[in-house]
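First up is the structure itself, then whatever we jot down about it.
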Amino acid sequence: MRGNVNDMNVQEVNFDGLVGPTHNYAGLAHGNVASMRHGGLASNPREAALQGLAKMKALKDAGYPQGVLPPQQRPDLGALRDLGFSGSNAEVLERAAREAPQLLRAVCSASSMWTANAATVTPSGDAPDARVHFTAANLQSSFHRFLEPQTTARVLAAMFRDEAHFAHHPVLPATPAFSDEGAANHTRLAATHGEPGVHLYVYGRQAFGGRTEPKRFPARQTLEASQAVARQHGLSDAQTVFAQQHPDAIDAGVFHNDVIAVGNGPVLLYHEMAFLDEQRTLDELRSKMATPLIPVRVPSEAIGLDDAVSSYLFNSQLLTQPDGSGAMTLVVPGECEENEAVWRTIQDHLLAGNNPINEVVVKDVKQSMRNGGGPACLRLRIVLSEVERQQLSGRVLLDDALYGELTEWVNRHYRDRLAPDDLADPQLAEETLTALDALTRILALGNVYPFQLG
Ligand code: SUG
Numbered sequence: 008m009r010g011n012v013n014d015m016n017v018q019e020v021n022f023d024g025l026v027g028p029t030h031n032y033a034g035l036a037h038g039n040v041a042s043m044r045h046g047g048l049a050s051n052p053r054e055a056a057l058q059g060l061a062k063m064k065a066l067k068d069a070g071y072p073q074g075v076l077p078p079q080q081r082p083d084l085g086a087l088r089d090l091g092f093s094g095s096n097a098e099v100l101e102r103a104a105r106e107a108p109q110l111l112r113a114v115c116s117a118s119s120m121w122t123a124n125a126a127t128v129t130p131s132g133d134a135p136d137a138r139v140h141f142t143a144a145n146l147q148s149s150f151h152r153f154l155e156p157q158t159t160a161r162v163l164a165a166m167f168r169d170e171a172h173f174a175h176h177p178v179l180p181a182t183p184a185f186s187d188e189g190a191a192n193h194t195r196l197a198a199t200h201g202e203p204g205v206h207l208y209v210y211g212r213q214a215f216g217g218r219t220e221p222k223r224f225p226a227r228q229t230l231e232a233s234q235a236v237a238r239q240h241g242l243s244d245a246q247t248v249f250a251q252q253h254p255d256a257i258d259a260g261v262f263h264n265d266v267i268a269v270g271n272g273p274v275l276l277y278h279e280m281a282f283l284d285e286q287r288t289l290d291e292l293r294s295k296m297a298t299p300l301i302p303v304r305v306p307s308e309a310i311g312l313d314d315a316v317s318s319y320l321f322n323s324q325l326l327t328q329p330d331g332s333g334a335m336t337l338v339v340p341g342e343c344e345e346n347e348a349v350w351r352t353i354q355d356h357l358l359a360g361n362n363p364i365n366e367v368v369v370k371d372v373k374q375s376m377r378n379g380g381g382p383a384c385l386r387l388r389i390v391l392s393e394v395e396r397q398q399l400s401g402r403v404l405l406d407d408a409l410y411g412e413l414t415e416w417v418n419r420h421y422r423d424r425l426a427p428d429d430l431a432d433p434q435l436a437e438e439t440l441t442a443l444d445a446l447t448r449i450l451a452l453g454n455v456y457p458f459q460l461g
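So for the sequence shown, this note's numbering puts the first residue at 8; every next one is plus one.
Below is the structure:
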């Protein structure tokens, strides 16, 4: 028996990452052109967090269930201590700033805001044991993101605590062969959220025996990692499709599949350069899906890879409208409106095309965009039945009261400017701990941070 099938109350909940108080531009992500371009600029953490909250609130008000995931403890002084820095916190920060500023920047990153990379999730309706399955991503491709999985797994286990409904798997071995970047390279296609789905996993390279790889920038996801996650979650061959990302796209700055494709329900919106073997990918999806696939293909002549990367059109959220009509809304970043070719394609090709997308909503998430994170990076999609939603621990589903408290919390605790030199300020570390302690009380999550666990 499969869990959710035909359960009308199955909904997709978008869990957005709250932007942490140390949000900054450090140029940490090789192959992510926005991060590389904006490294060294001053950031505005308060504005970043408020932009994220405004997106969540707008979607909640439009009838889409919305959740929040807390940020992580940064600066990660424990990571600096593991690397040999010792003394008081102030001494650790001061010495790291002097001797290894790149390490200090890495341990201050607020990168957990991009929760599309937090984990891969399989809804109970697709799992053999009818539970929701989670694997936190190892994020081993970069040091600053490798610091996330432990706390991510702890937070997910705290929120999805009930073992009768939720299953948590070990993070994959943090080694290049199992390089895993989570849901950013995973798309579930189905007639509706409550019906059985086919899982499309997109990988950038094959660790054992692969030949085709990008030349300029690293491929972050391996086939072996995707296969392991599908295996952990109990998915069968009939439920899975593995497709290689086009290496030329990675070399143009498409470091995750969600920078070049987005799927929802039976719709797959993608750029013609998304997959190495486009036809095979579509054919296999069609042969495994129980409902007709609706491919929405954007050709290079409409939008070149560079425009796709700078506008982040494909990093939009594609949402099934809550009215039951099956119509869909595309939530795009403001950068799409500023790019003429992209905006024209949205109007003439997407909205006017023969597909369920009939509305576009523009959201300003510029603070995150400068680090290469658009609307889709900022959320982890979790399909849940009504019973599963009731089993959620903590206060993590957004309503007006929670939105109000989180907004007030940001305004009270966040700085409105953070330049690279500010990261060594011991006061920033103190402020962050005070803020996170208050946040765990607002979200009623219990102790999830290293400083609370002692
Ligand atoms: O991993 N940027 C993130 C952006 C992640 C976007 N997520 C998805 N596409 N799902 C990354 O490249 C930059 C941090 C800095 O440079 O300060 C960064 O980590």
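Using N, Cα and C, we set each Cβ at its ideal position, and we do this for glycine too.
Small disclaimer: the values here were computed from a predicted structure and weren't measured.
Residues of its chain near residue i, where Cβ-Cβ distance is below 8 Å and the 5 sequence neighbours each way are ignored
i	result
TYR410	LEU60, MET63, LYS64, LYS67
GLU345	SER318
THR298	ALA197, ALA198, GLU202, PRO273
VAL162	LEU76, PRO77, LEU452, VAL455
ILE449	ARG402, LEU409, GLU412, LEU413, TRP416
Nonlocal neighbours in the same chain, by C-beta distance under 6 Å from residue i, ignoring five residues either side
i	result
SER148	SER186, ARG227
ILE364	MET335, LEU337, LEU357
VAL209	ASN192, ALA250, GLN252, ASN264
LEU207	THR194, VAL248
ALA143	ALA126, PRO156, THR159, ALA160, VAL178
ALA174	ARG138, HIS140
VAL236	THR127, THR142
LEU48	TYR32
Neighbourhood of residue i by C-beta distance below 7 Å, restricted to the same chain and skipping five residues each side
i	result
ASN271	LEU325, LEU326, THR327, MET335
PHE150	ALA113
ASP83	VAL114, LEU154
GLU98	none
ALA232	LEU179, PHE185, SER186, ASP187
Residue i versus residue j - alpha carbon distance
i	j	result
ALA55	ALA165	26 Å
GLU437	ALA160	24 Å
ALA190	ARG53	27 Å
ALA431	ILE257	34 Å
ALA348	VAL338	17 Å
ALA451	GLU19	22 Å
ASP290	PRO183	30 Å
VAL248	GLN213	15 Å
GLY24	ALA41	19 Å
HIS176	ALA383	24 Å
ALA103	ILE389	38 Å
GLY281	GLY311	What sits at residue 281 in the sequence shown is Ala, not Gly. Taking the straight line from one Cα to the other gives about 12 Å.
PRO254	GLN73	34 Å
ASP313	ALA117	26 Å
ASN13	GLY204	Because the pLDDT at ASN13 is just 47, under 50, the model does not fix this residue reliably, and the value given afterwards should be weighed accordingly. Rounded to the nearest angstrom, the two C-alpha atoms are 12 Å apart.
ALA268	ASN124	15 Å
HIS420	GLN58	16 Å
GLY380	LEU435	24 Å
LEU404	ALA445	17 Å
MET120	MET296	32 Å
VAL369	ILE353	11 Å
GLN398	ARG218	45 Å
ASP39	SER95	Note that residue 39 is Asn in the sequence shown here, rather than Asp. When rounded, the distance between both Cα atoms is 35 Å.
ASP169	VAL394	11 Å
ASP355	PRO329	25 Å
GLY10	SER93	Bear in mind that the predicted position of GLY10 carries a pLDDT of just 44, short of 50, making it too unreliable to give a figure here.
LEU292	LEU300	7 Å
HIS240	GLY211	21 Å
GLY132	LEU385	25 Å
CYS343	TRP350	6 Å
PRO433	LEU283	48 Å
MET8	SER392	Note that MET8 has pLDDT 38, beneath the 50 cutoff, so the model's placement of it is unreliable and no number is given.
DSSP beta-bridge partners of residue i
i	result
THR159	THR159 pairs with nothing; no bridge assigned.
PRO340	LYS370
PRO302	LEU275
HIS465	The structure shown does not extend to residue 465, since the chain spans only 8 to 461, so no value can be given for it.
GLN18	LEU391
VAL178	Answer is none; VAL178 lacks a bridge partner.
ALA268	TYR277
ARG386	ASP23
VAL75	ASP23
VAL248	LEU207
Minimum Cβ-Cβ distance from residue i to chain C less than 7 Å
i	result
ARG161	Note that chain C does not occur in the displayed structure, where there is just one protein chain.
Should the region 372-392 be called in touch with the region 30-40, which here means at least 3 C-beta pairs below 8 Å? These segments touch.
Output the residue ranges of the beta strand (DSSP E) runs that lie fully inside the region 204-243 and measure 3 residues or longer, sorted by chain position. 205-210
Take every Cβ of the region 446-460, pair it with every Cβ of the region 75-94, and state whether three or more of those distances are shorter than 8 Å. Touching, per the Cβ criterion.
Are three or more beta carbon pairs between the region 106-116 and the region 126-135 nearer than 8 Å? no
Evaluate contact between the region 274-282 and the region 235-246, counting only Cβ atoms and requiring at least three cross-stretch pairs below 8 Å. no
For the region 83-157, list the alpha helix (DSSP H) runs that are entirely contained and at least 4 residues long, ordered along the chain. 84-89, 96-106, 108-115, 150-153
Output the residue ranges of the alpha helix (DSSP H) runs that lie fully inside the region 305-338 and measure 4 residues or longer, sorted by chain position. For the region 305-338, the continuous alpha helix (DSSP H) assignments of 4+ residues that do not extend past its boundaries occur at 312-318, in sequence order.
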